[in-house]
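Engineer: Can you read through this structure? Questions will come right after.
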Amino acid sequence: MSLAHVGGLLLSLAAPVHAQTAADAPHERTGPGAEPPILPAWASPHALPSQAPAADDKSQPVTGGEQRVRSIVVVGDFARGGGIPVSSWRPPEGSAAALRLDHRPGEALDAAWIRRQFALNGLPGSEGRVSAALALVQSINRALVTAGFVNSGLIVSESSRISNGVLEVRLVEGRLVPPANDEEAISVAFADDDPNGLTAGFIRRRFPAAARTPLSAVAIERDFRLLAESPAIRTINADLRPGARPGEASLHLLVEPARRGDVSFGYANDRSPAVGSERLSAAGYLRNALTGGDLITAEIGYTKGVEDAQIAYATPFLSPRTSLNLRGSYNDAAVVDRPLLPLDIRAEERAVEGGIVHRLIEEPLAPTAVAGRWTPSRTLSAGLLVAYRDQRSFLFGEPFSFAPGSKDGRSRYGALRLTGDYLVRGVREVLAVSATATMGLGGTRSDIPGILNPDPNFLAGLVQINYARRLGGSGLEVRARLAGQLASGILYSGERLSIGGQSSVRGYRENLFLVDEGAIGGAELAWNFNLAGRAAAQRRFEWGSFSLSGFADAAFAHNQADPQPPRRFIASLGAGLAWTPSDALQLSIVRGEALRDVPRSGSRDLQDRGWHFRLTVRPLRLLGT
Numbered sequence: 003m004s005l006a007h008v009g010g011l012l013l014s015l016a017a018p019v020h021a022q023t024a025a026d027a028p029h030e031r032t033g034p035g036a037e038p039p040i041l042p043a044w045a046s047p048h049a050l051p052s053q054a055p056a057a058d059d060k061s062q063p064v065t066g067g068e069q070r071v072r073s074i075v076v077v078g079d080f081a082r083g084g085g086i087p088v089s090s091w092r093p094p095e096g097s098a099a100a101l102r103l104d105h106r107p108g109e110a111l112d113a114a115w116i117r118r119q120f121a122l123n124g125l126p127g128s129e130g131r132v133s134a135a136l137a138l139v140q141s142i143n144r145a146l147v148t149a150g151f152v153n154s155g156l157i158v159s160e161s162s163r164i165s166n167g168v169l170e171v172r173l174v175e176g177r178l179v180p181p182a183n184d185e186e187a188i189s190v191a192f193a194d195d196d197p198n199g200l201t202a203g204f205i206r207r208r209f210p211a212a213a214r215t216p217l218s219a220v221a222i223e224r225d226f227r228l229l230a231e232s233p234a235i236r237t238i239n240a241d242l243r244p245g246a247r248p249g250e251a252s253l254h255l256l257v258e259p260a261r262r263g264d265v266s267f268g269y270a271n272d273r274s275p276a277v278g279s280e281r282l283s284a285a286g287y288l289r290n291a292l293t294g295g296d297l298i299t300a301e302i303g304y305t306k307g308v309e310d311a312q313i314a315y316a317t318p319f320l321s322p323r324t325s326l327n328l329r330g331s332y333n334d335a336a337v338v339d340r341p342l343l344p345l346d347i348r349a350e351e352r353a354v355e356g357g358i359v360h361r362l363i364e365e366p367l368a369p370t371a372v373a374g375r376w377t378p379s380r381t382l383s384a385g386l387l388v389a390y391r392d393q394r395s396f397l398f399g400e401p402f403s404f405a406p407g408s409k410d411g412r413s414r415y416g417a418l419r420l421t422g423d424y425l426v427r428g429v430r431e432v433l434a435v436s437a438t439a440t441m442g443l444g445g446t447r448s449d450i451p452g453i454l455n456p457d458p459n460f461l462a463g464l465v466q467i468n469y470a471r472r473l474g475g476s477g478l479e480v481r482a483r484l485a486g487q488l489a490s491g492i493l494y495s496g497e498r499l500s501i502g503g504q505s506s507v508r509g510y511r512e513n514l515f516l517v518d519e520g521a522i523g524g525a526e527l528a529w530n531f532n533l534a535g536r537a538a539a540q541r542r543f544e545w546g547s548f549s550l551s552g553f554a555d556a557a558f559a560h561n562q563a564d565p566q567p568p569r570r571f572i573a574s575l576g577a578g579l580a581w582t583p584s585d586a587l588q589l590s591i592v593r594g595e596a597l598r599d600v601p602r603s604g605s606r607d608l609q610d611r612g613w614h615f616r617l618t619v620r621p622l623r624l625l626g627t
């Protein structure tokens, strides 16, 4: 067996763990442990907050409807320029056939706009009457409501001198105010009086529209929908209530936090057969541990030759749209494949990573102009992370250099990562795109002839795409995934692309190839069905719930320097069956048929026959807690 082959085998020993915890936890983005980004759940429309009408008009009734209007005075409270409606808004028709309203794109609905509407309808004028002016006031108020400024409006002032032909109207600015001196403008209550570690401040900070004037129900609805999609929230109900005076309102929220913590156990043959393909794992997460909205996740795993673990922490940082992410992992691995046991090959790896992630774009699931149709939610995030990895390898119990850049059996390097994530979550389709650009910040270089030496300031880019779409209401889904990596030169083992296995090309063993550059793709057609029919849809456990799928996978592999993989291109066809009675119990079995033979070293494994399986159990959910 060549040194290069043994080295390639060793690189697969310390693959990072694949956490089975919360989907929003920090995860490994590059190297052998990088998986396709997790698809978000299908979107479900949420009930809207009820809207508060303007408070009762306390102005005096106006008489003299046939009196000619000589002067109209508009007094505006909108010191900040008034509210600008969404670009798609158009004013409704006037209440009388002769009345009309006009709005220019980007124009604020302020006192100047009000005056323009009066002038547009010939008021005041020689033929203008008080009755026409009052009808226009009603039309303007209706326009403000349809634009979302539900507690803003025009009020006829008591100082109007109708007998003299002078009509004075006051433009009231809608806003949120506390309903009482000892209360907040946004009151937050938790279901069953159990906040699960969440705080009212966490909720209030996610309603920035509440501090703006004039108050916009459209903006409040947007904040509501975004918060309803937060992983920290299970359900939320909102009620916008009128205040004691015109223009005043308060917002009342009833929040049910998401499950605070959970544990899961897994059993899968998702590791290289060289170190024991069957892995037992235990994972868990805890929300709101140190502050509202934070998340701690941890996982440990064990195979016949590997002990691995990772812990990660994410918390809001400086603003609700920014998070601080920290992650650490370790792997201790040994080759257990019988032909290689006498070599006593072992590896140890320690890795840490941390940085800032900021959401640049947040758009919630929202209804369209067509009834029953929804625009999907969209999120675009960018991050800057710093990573450090330290790997040691041993042969016959002594340090030995296998990995690119290793010296005296040890390779170390730092890296700076620029990350981007784009999520689209709709009723019928979901998309997850992950991009990572990595630059080396220095690392070890080997002084042993025959050992590859990466550039300590290497450059690499990895893009991963995951997509799914529902096809009608028959339970059919089409799924596709694509990943590609480019590199400026030879990479350290922790940055190389892994090809083969459950998350790559099914039908081949895990970590079949570890390469500098490559592309992986797959397409799948799945049919979700229930043996019990629709009657089981409302049950806690749907024992007859299955998903049957057929797939095609392929990959291209390339190294920047020899040795090259024994096959540049591999592909497979296969089928899978998943049993999903609930989110507490899931079992999947996949059989893939390799279309291109690859020379195999070591003992033949179930993976080499094309079989992959995974079992996940969440006992707390099984018990209903």
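Residue numbering for the sequence shown follows the numbering used here, beginning at 3 and increasing consecutively. Note that CB positions come from ideal geometry on N, CA and C, so glycine has one too. Bear in mind that the values here come from a model prediction, so they are computed numbers and not experimental data.
Just checking my contact of G416 with A439 at CB under 8 Å: how many whole Å lie between their CB atoms?
Structural biologist: Along the sequence shown, read from residue 1 onward, the residue named residue 416 stands at position 414. Along the sequence shown, read from residue 1 onward, the residue named residue 439 stands at position 437. So it is not a contact: roughly 15 Å between Cβ atoms.
Engineer: For S90, which three-state DSSP category applies?
Structural biologist: For the purposes of this step, residue 90 is taken as the residue at position 88 of the sequence shown. Of the three classes helix, strand and coil, the one that applies to S90 here is coil, per DSSP.
Engineer: From the DSSP secondary-structure annotation, give me the bridge partner or partners of T446.
Structural biologist: What you label residue 446 is simply residue 444 of the sequence shown in a count that begins at 1. According to DSSP, T446 bridges with nothing at all.
Engineer: Mark S141 as exposed unless 16 or more other C-beta atoms lie within 10 angstroms of its C-beta, in which case mark it buried.
Structural biologist: Within the sequence shown, numbered from 1, the residue matching residue 141 stands at position 139. Classification of S141: buried, given that the 10 Å Cβ count is 16 or more.
Engineer: What would DSSP say about V174, mapped onto helix, strand or coil?
Structural biologist: Reading the sequence shown from its first residue, position 172 is the one you call residue 174. Of the three classes helix, strand and coil, the one that applies to V174 here is strand, per DSSP.
Engineer: Tell me the rounded alpha-carbon separation between L484 and V152.
Structural biologist: Taking the sequence shown and counting its residues from 1, the one referred to as residue 484 is at position 482. Taking the sequence shown and counting its residues from 1, the one referred to as residue 152 is at position 150. About 46 Å.
Engineer: Any contact between the region 494-501 and the region 515-522? By contact I mean 3 or more CB pairs, one from each, below 8 Å.
Structural biologist: Contact holds: three or more Cβ-Cβ distances are below 8 Å.
Engineer: So, helix, strand or coil for I40, using DSSP?
Structural biologist: As a first step, residue 40 must be located in the sequence shown, where it is residue number 38. I40 falls in the coil class under three-state DSSP.
Engineer: Based on Cα-Cα distance, which residue from A211, E512 and G422 lies nearest to G150?
Structural biologist: Along the sequence shown, one-based indexing puts residue 150 at 148. That would be A211, whose Cα lies nearest to the Cα of G150.
Engineer: Please report how far the alpha carbon of L41 lies from the alpha carbon of F548, in whole angstroms.
Structural biologist: Taking the sequence shown and counting its residues from 1, one reaches residue 41 at position 39. Taking the sequence shown and counting its residues from 1, one reaches residue 548 at position 546. The straight-line gap from Cα to Cα measures roughly 19 Å.
Engineer: How far does the beta strand (DSSP E) with Q312 in it extend, from its first residue to its last?
Structural biologist: Taking the sequence shown and counting its residues from 1, the one referred to as residue 312 is at position 310. Segment V308 to F319, the beta strand (DSSP E) holding Q312.
Engineer: Could you tell me which of N143, R623, R616 and Q562 sits nearest to D585, measuring between CA atoms?
Structural biologist: On the sequence shown, position 583 is the one that residue 585 refers to. Nearest of N143, R623, R616 and Q562 to D585, Cα basis: R623.
Engineer: In terms of residue numbering, what span does the beta strand (DSSP E) encompassing W529 cover?
Structural biologist: Residue mapping note: residue 529 aligns to position 527 of the sequence shown, counting from 1. That run of the beta strand (DSSP E) goes E519 to N532.
Engineer: For the candidate residues G199, V600 and A221, whose alpha-carbon lies nearest to that of L368?
Structural biologist: Taking the sequence shown and counting its residues from 1, one reaches residue 368 at position 366. According to the sequence displayed, residue 368 carries Ala and not Leu. The candidate whose alpha carbon is nearest that of A368 is A221.
Engineer: Identify which residue in V308, R511, S133 and A100 has its Cα closest to the Cα of G604.
Structural biologist: Taking the sequence shown and counting its residues from 1, the one referred to as residue 604 is at position 602. Of the listed residues, the one whose Cα sits closest to G604 is R511.
Engineer: Tell me which residues share the same chain as P456 and place their Cβ nearer than 6 Å to its Cβ, disregarding the 5 neighbours each side in the sequence.
Structural biologist: By 1-based counting over the sequence shown, the position of residue 456 is 454. Once the five neighbours on either side are set aside, the close Cβ partners of P456 are P406, G407, I492, L493 and Y494.
Engineer: In its own chain, which residues sit with a C-beta less than 7 Å from the C-beta of P87, not counting the 5 before and 5 after it?
Structural biologist: Indexing the sequence shown from 1 puts residue 87 at position 85. Within the same chain, P87 has close Cβ partners L111, A149 and G150.
Engineer: Skipping 5 residues on each side, what residues in its chain have a beta carbon closer than 7 Å to that of F319?
Structural biologist: Along the sequence shown, read from residue 1 onward, the residue named residue 319 stands at position 317. The answer, listed in chain order, is S325, L326 and I358.
Engineer: Looking at R102: is its Cβ nearer than 8 Å to the Cβ of L122?
Structural biologist: As a working note, residue 102 is residue 100 in the sequence shown. As a working note, residue 122 is residue 120 in the sequence shown. In contact: R102 and L122 (Cβ atoms closer than 8 Å).
Engineer: Quick one: residues in its chain with C-beta nearer than 7 Å to the C-beta of E365, no 5 flanking neighbours on either side, listed in chain order?
Structural biologist: To locate residue 365, count along the sequence shown from 1; it is residue 363. These residues qualify, in order along the chain: S379 and R380.
Engineer: My assumption, with CB atoms under 8 Å, is that L292 sits in contact with D346. Please give the rounded CB distance.
Structural biologist: Here residue 292 is taken as the residue at index 290 of the sequence shown, counted from 1. Here residue 346 is taken as the residue at index 344 of the sequence shown, counted from 1. Contact doesn't hold; Cβ gap of about 43 Å is too wide.
Engineer: Within the region 137-215, note down every full beta strand (DSSP E) run reaching 3 residues or more, in order along the chain.
Structural biologist: Runs found: 155-158, 168-174 and 188-192.
Engineer: Do G199 and N333 count as a contact pair if the criterion is CB distance below 8 Å?
Structural biologist: For the purposes of this step, residue 333 is identified with residue 331 of the sequence shown, where counting begins at 1. For the purposes of this step, residue 199 is identified with residue 197 of the sequence shown, where counting begins at 1. Contact: no.
Engineer: Buried or exposed: where does R208 fall if 16 or more other Cβ atoms within 10 Å of its Cβ makes it buried?
Structural biologist: On the sequence shown, position 206 is the one that residue 208 refers to. R208 should be labelled buried.
Engineer: Taking its Cβ as the centre, do 16 or more other Cβ atoms sit within 10 Å of G524, making it buried, or is it exposed?
Structural biologist: Looking up residue 524 in the sequence shown gives position 522. When all chains shown are included, G524 counts as buried.
Engineer: Which word fits A191, buried or exposed, when buried means at least 16 other C-beta atoms lie within 10 angstroms of its C-beta?
Structural biologist: Residue mapping note: residue 191 aligns to position 189 of the sequence shown, counting from 1. By the neighbour-count rule (16 or more Cβ atoms within 10 Å), A191 is not buried but exposed.
Engineer: Got a sec: does the ligand ATP put a non-hydrogen atom nearer than 7 Å to the Cβ of R352?
Structural biologist: In the structure on display, the ligand ATP does not appear, and there are no ligands present to speak of.
Engineer: In angstroms with no decimal places, state the Cα-to-Cα distance between V8 and F404.
Structural biologist: The sequence position of residue 8 within the sequence shown is 6, counting from 1. The sequence position of residue 404 within the sequence shown is 402, counting from 1. In this prediction, V8 scores a pLDDT of 48, lower than 50, which makes its location untrustworthy; the coordinate-derived value is nonetheless stated afterwards. Distance between the alpha carbons of V8 and F404: 7 Å.
Engineer: Quick check: what's the CA-CA separation for E186 versus Q393?
Structural biologist: For the purposes of this step, residue 186 is taken as the residue at position 184 of the sequence shown. For the purposes of this step, residue 393 is taken as the residue at position 391 of the sequence shown. Looking at the two C-alpha atoms, the distance is approximately 54 Å.
Engineer: Can you tell me whether DSSP reads R471 as helix, strand or coil?
Structural biologist: In the sequence shown, the residue the question calls residue 471 occupies position 469. Note: R471 maps to strand in three-state DSSP.
Engineer: Name the DSSP beta bridge partners of Y304, please?
Structural biologist: Along the sequence shown, one-based indexing puts residue 304 at 302. Answer is L282 and E309, bridged to Y304.
Engineer: If you count every other CB in all the chains shown that lies within 10 Å of the CB of A349, and 16 or more means buried, which is it?
Structural biologist: Taking the sequence shown and counting its residues from 1, one reaches residue 349 at position 347. Counting Cβ neighbours within 10 Å, A349 comes out buried, since at least 16 surround it.
Engineer: Using only CA atoms, which one of Q562, A534, A556 and E431 lies nearest to S490?
Structural biologist: Here the question's residue 490 lines up with position 488 in the sequence shown. The residue with the shortest Cα to Cα distance from S490 is Q562.
Engineer: So, helix, strand or coil for P369, using DSSP?
Structural biologist: Here the question's residue 369 lines up with position 367 in the sequence shown. Note: P369 maps to strand in three-state DSSP.
Engineer: What residue range is occupied by the uninterrupted alpha helix (DSSP H) comprising V220?
Structural biologist: Position 218 of the sequence shown, counting from 1, holds the residue named residue 220. A219 to A230 is the extent of the alpha helix (DSSP H) around V220.
Engineer: Would you mind sorting Q487 into buried or exposed? The rule is 16 or more other CB atoms within 10 Å of its CB.
Structural biologist: The residue you call residue 487 lines up with position 485 of the sequence shown. Label assigned to Q487: buried.
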